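Here the protein sequences come in this chain order: Z and H.
Using full-length UniProt numbering, you'd call the opening residue of the first sequence number 1 and step up by one each time.
Using full-length UniProt numbering, you'd call the opening residue of the second sequence number 1 and step up by one each time.
Cβ atoms here follow ideal geometry from the backbone N, Cα and C, with glycine treated the same way.
Being a predicted model, the structure only gives us computed values, none of them experimental.
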Amino acid sequence: SYGALARYRNLSRVMKVNDSAAIGISGDYADYQFMKSVIEQRVIDEECLNDGFQYTPKSLFSWMTRVLYNRRSNFNPLWNTFIVGGVQDGEPFLGYIDKIGVAYNDPTIASGYGAYIAAPLLRDAFEANPKMSLAEAEKKIDECMKVLYYRDARSLNKYEVAIVTKDGTMIKSPIVSETNWEVAHMIKGYE
Amino acid sequence: QGRIHQIEYAMEAVKQGSATVGLKSKSHAILVALKRASSELAAHQKKIIPIDDHIGVSIAGLTADARLLSNFMRSECLNSRYAYDSPLPVSRLVSAVGNKSQIPTQRYGRRPFGVGLLVAGYDDQGPHIYQTCPSANYYDCKAMAIGARSQSARTYVEKHLDKFLECSLDELIKHGLRALRETLPQEVELTTKNCSLGIVGKDMEFTIYDDDDVQKYLAMIEGEERSRAAPPADQAAMDTQEGEGQQPADPQPADPAVEEQGMEH
């Protein structure tokens with residue numbers, strides 16, 4: 001769902017860029033729509049060139065960082081946090097860029113509430129098993145999204161996942177986590 | 001007659017410049033250039049210009065125009081690295097040069113750039129050799145030679161084209177130097193003063209070899225027969241542009257293919 005305005009239950013916040021890269025966003029939706037249209041046009045322009053080169057996750061990440069930092073430096077920021085993911089030269093890549101142009105990449109990335117709740121879970125999982133399979137990773141993500149649904153009061157139990165492999169990019173949506181609210185009966189005043 | 005004379009004149013300037021040859025193998029692209037000195041007093045004019053870690057050019061024609069274009073190319077490469085954290089694909093750089101060169105061929109009051117470039121570069125798609133013209137046309141080449149008497153070099157390179165792909169770097173350089181040697185008039189030889197070499201490849205940033213650094217490679221083709229340097233008795237054989245002149249009395253093997261085996265390191 002979309003942030004504090006939990007009435008938008010069907011807004012997509014992930015976007016496929018090409019067969020090797022995808023991005024996920026949080027923040028101002030209008031600014032995302034702007035960035036989305038700019039990226040889509042660039043991808044089209046590149047297809048027109050038809051010269052065998054396409055945006056790689058790292059190039060996209062670098063370009064977006066420069067845009068965001070430049071906007072911030074001109075006191076006209078795009079009020080978003082972007083997560084760029086993809087596969088480059090057979091290696092997976094994940095990057096984080098925020099509205100002030102802070103940018104970094106890591107095997108695990110999370111923004112917003114995720115930084116507090118999901119990041120520790122993901123880091124532990126990665127440290128225990130750096131070569132986990134896609135299925136294991138998806139399971140871990142589901143676990144994180146479940147915890148976020150439990151703990152973030154302004155969330156909905158519905159999410160979407162963008163998956164990039166050497167064979168291409170796909171988006172799975174919608175996914176609903178299985179939740180267990182039995183603990184509610186232990187709350188005084190709740191029957 | 002549908003001709004734009006200014007463009008033809010500009011291309012003449014390229015043909016008057018001293019020769020330069022570019023060729024590539026599966027892993028490397030190289031440029032060899034003949035440096036000319038305007039007088040005994042002057043130094044030999046630099047012909048090969050580095051553009052980025054993965055691209056270099058050699059020039060033929062108006063050096064001043066070449067300087068402008070190479071500054072532009074450097075700028076494009078740098079901007080691309082800054083924005084995209086990745087080396088600019090050679091094909092995209094060359095088309096940027098083409099687009100820039102076209103403007104003065106159509107705009108009032110301007111003249112075409114009087115320089116031809118041989119661009120050697122290496123990117124994710126492998127090594128490349130491109131040729132650019134004052135006409136703003138550009139060509140993707142397996143090998144190319146431009147400048148004065150470059151036809152002889154082109155002929156040499158055409159003859160040995162099939163060997164280049166699987167060549168080792170040293171062999172490729174020998175072919176390049178031999179091709180360049182074809183453009184020299186009689187009695188003139190390649191020396192460390194008049195010869196320049198530029199190499200870029202898979203694990204090799206664009207590097208220029210000048211003066212003493214070329215000696216190692218010149219030594220590899222030293223003593224080989226040249227089709228032009230044959231003594232007067234063989235004038236007739238020379239005119240037919242055979243690879244290396246066949247001289248029955250000469251103990252040296254004339255065929256470069258045979259020569260290579262003897263010189264292999």
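Per DSSP, residue i forms a beta bridge with which residues?
{"i": "Ile208(H)", "result": "Gly198(H)"}
{"i": "Ile141(H)", "result": "Reading off the sequence shown, one finds Cys at residue 141(H), where the question assumed Ile. DSSP lists Ile129(H) as partners of Cys141(H)."}
{"i": "Thr81(Z)", "result": "Ser26(Z)"}
{"i": "Asn50(Z)", "result": "Beta-bridge pairing links Asn50(Z) to no other residue."}
{"i": "Gln88(Z)", "result": "Glu91(Z)"}
{"i": "Ser80(H)", "result": "In the DSSP output, where bridge partners are listed per residue, Ser80(H) has none listed."}
{"i": "Gly61(H)", "result": "Val115(H)"}
{"i": "Pro50(H)", "result": "Gly56(H)"}
{"i": "Asp123(H)", "result": "Gly126(H)"}
{"i": "Ile175(Z)", "result": "Tyr159(Z)"}
{"i": "Met15(Z)", "result": "Ile23(Z)"}
{"i": "Ile97(Z)", "result": "Phe82(Z), Ala103(Z)"}
{"i": "His44(H)", "result": "Ala37(H)"}
{"i": "Met132(Z)", "result": "Per DSSP, none; premise fails for Met132(Z)."}
{"i": "Met170(Z)", "result": "Ile163(Z)"}
{"i": "Val157(H)", "result": "Beta-bridge pairing links Val157(H) to no other residue."}
{"i": "residue 267(H)", "result": "Residue 267(H) is absent from the model: chain H starts at 1 and stops at 265."}
{"i": "Ile146(H)", "result": "Thr20(H)"}
Once you ignore the five residues that flank residue i on each side, which residues in its own chain have a CB closer than 6 angstroms to its CB?
{"i": "Trp181(Z)", "result": "none"}
{"i": "Leu88(H)", "result": "Cys77, Ser80"}
{"i": "Lys174(H)", "result": "Met220, Ile221"}
{"i": "Asp124(H)", "result": "none"}
{"i": "Ala184(Z)", "result": "Tyr190"}
{"i": "Glu264(H)", "result": "Because Glu264(H) carries a pLDDT of 30, less than 50, the predicted location of this residue cannot be relied on, and the following value inherits that uncertainty. Counting only Cβ-Cβ distances below 6 angstroms, and skipping sequence neighbours, we find nothing."}
{"i": "Gly116(H)", "result": "Val14, Ala60, Gly61, Cys133, Ile146"}
{"i": "Pro92(Z)", "result": "none"}
{"i": "Asp250(H)", "result": "Bear in mind that the predicted position of Asp250(H) carries a pLDDT of just 38, short of 50, making it too unreliable to give a figure here."}
{"i": "Phe182(H)", "result": "Before going on, a small fix: residue 182(H) reads as Glu here, not Phe. Excluding residues within five positions, the ones whose Cβ falls inside 6 angstroms are Ser152, Ala153, Tyr156."}
{"i": "Gly176(H)", "result": "Val21, Leu23, Ile30, Val32"}
{"i": "Leu122(Z)", "result": "Thr108"}
{"i": "Ile25(Z)", "result": "Arg13, Tyr32, Asn80, Phe82"}
{"i": "Thr240(H)", "result": "Because Thr240(H) sits at a pLDDT of 41, beneath the cut-off of 50, its placement in the model cannot be relied upon, and the following sentence gives the value as read from the coordinates. The answer is none, since no qualifying residue turns up."}
Pop quiz: residue i and residue j are said to be a contact at Cβ under 8 angstroms. What is the actual Cβ separation, rounded to whole angstroms?
{"i": "Ile55(H)", "j": "Leu31(H)", "result": "That pair is no contact at about 11 angstroms."}
{"i": "Lys146(Z)", "j": "Ser177(Z)", "result": "4 angstroms"}
{"i": "Lys58(Z)", "j": "Ser86(H)", "result": "7 angstroms"}
{"i": "Asp152(Z)", "j": "Trp79(Z)", "result": "No, Asp152(Z) and Trp79(Z) are not in contact; Cβ-Cβ is about 19 angstroms, not under 8 angstroms."}
{"i": "residue 276(H)", "j": "Ala179(H)", "result": "It is not possible to answer for residue 276(H), since the shown part of chain H is limited to 1 through 265."}
{"i": "Val43(Z)", "j": "Asn18(Z)", "result": "6 angstroms"}
{"i": "Ala120(H)", "j": "Gly198(H)", "result": "6 angstroms"}
{"i": "residue 269(H)", "j": "Met73(H)", "result": "Absent from the structure is residue 269(H), since the part of chain H shown begins at 1 and ends at 265."}
{"i": "Val165(Z)", "j": "Leu134(Z)", "result": "At residue 165(Z) the sequence reads Thr, which differs from the Val that was named. Contact flag correct, Cβ pair sits at about 7 angstroms."}
Counting only the same chain and skipping the five closest in sequence on each side, list residues whose C-beta sits under 7 angstroms from that of residue i.
{"i": "Gly101(Z)", "result": "Thr65, Leu68, Tyr69, Arg72"}
{"i": "Leu172(H)", "result": "Leu23, Ser25, His28, Ile30, Phe164"}
{"i": "Ala233(H)", "result": "Interpretation of Ala233(H) is limited by its pLDDT of 42, a score under 50 that renders its predicted location unreliable; the figure taken from the coordinates is listed afterwards. Excluding residues within five positions, none has a Cβ falling inside 7 angstroms."}
{"i": "Tyr113(Z)", "result": "Leu148, Asp152"}
{"i": "Met11(H)", "result": "Cys133, Pro134, Ser135"}
{"i": "Leu118(H)", "result": "Thr20, Gly22, Leu31, Val57, Ser58, Ile129, Gln131, Met144, Ile146"}
{"i": "Ala119(Z)", "result": "Thr108, Ala110"}
{"i": "Thr16(Z)", "result": "Here residue 16(Z) is Lys; the residue named in the question, Thr, does not match the sequence. Contacts found: Ala22, Ala162, Thr169, Ile171."}
{"i": "Tyr217(H)", "result": "Ile173, Leu177, Leu197"}
{"i": "Pro104(H)", "result": "Arg110, Arg111, Pro112, Phe113"}
Using a Cβ-Cβ cutoff of less than 8 angstroms, which residues in the same chain neighbour residue i once the five nearest sequence positions on both sides are dropped?
{"i": "Glu160(Z)", "result": "Ser12, Arg13, Val14, Ile171, Lys172, Ser173, Pro174, Ile175"}
{"i": "Thr35(H)", "result": "For the sequence presented, residue 35(H) should be read as Lys rather than Thr. Only Ser18, His44, Gln45, Lys46, Lys47, Lys193, Asn194, Cys195, Ser196 meet the Cβ criterion."}
{"i": "Phe126(Z)", "result": "Pro107, Thr108, Met132"}
{"i": "Ser95(H)", "result": "Tyr138"}
{"i": "Leu94(Z)", "result": "Ile83, Val84, Gly85, Asn105, Asp106, Pro107, Thr108, Ile109"}
{"i": "Ser62(Z)", "result": "none"}
{"i": "Glu8(H)", "result": "none"}
{"i": "Glu166(H)", "result": "Ser25, Lys26"}
{"i": "Asp158(Z)", "result": "A small fix is needed here, since residue 158(Z) is Lys in this sequence, not Asp. So the list reads Ser1, Arg9, Pro174, Ile175, Val176, once near-sequence residues are dropped."}
{"i": "Lys142(H)", "result": "Leu23, Lys24, Ile129, Leu161, Phe164"}
{"i": "Gln41(Z)", "result": "none"}
{"i": "Asp53(H)", "result": "Pro87, Glu205, Phe206"}
Review point. Which of the residues in the region 154-188 of chain Z, read from start to end, lie with their CB under 9 angstroms from any CB of chain H?
Key: none
Review point. Of the residues that make up the region 60-72 of chain Z, which ones have a beta carbon closer than 7 angstroms to any beta carbon in chain H?
Key: Ser62, Trp63, Arg66
**Study point:** Interface residues of the region 34-48 of chain Z facing chain H [CB-CB below 8 angstroms]
**Key:** none
Exercise for review: Could you list the residues in the region 115-126 of chain Z with a C-beta less than 7 angstroms from some C-beta on chain H, going in chain order?
Suggested key: none
Exercise for review: Taking only beta carbons into account, state which residues of the region 122-147 of chain H come closer than 9 angstroms to chain Z, listed in chain order.
Suggested key: Asp123, Asp124, Gln125
Exercise for review: Would you list, in chain order, the members of the region 61-90 of chain H that have their beta-carbon closer than 8 angstroms to a beta-carbon of chain Z?
Suggested key: Tyr82, Ala83, Tyr84, Asp85, Ser86, Pro89
Check your understanding: If contact means a Cβ-Cβ distance below 9 angstroms, which residues of the region 86-104 of chain Z contact chain H?
Key -> none
Review point. Given a limit of 9 angstroms on CB to CB distance, which residues of the region 91-110 of chain H reach chain Z?
Key: Ser91, Arg92, Ser95
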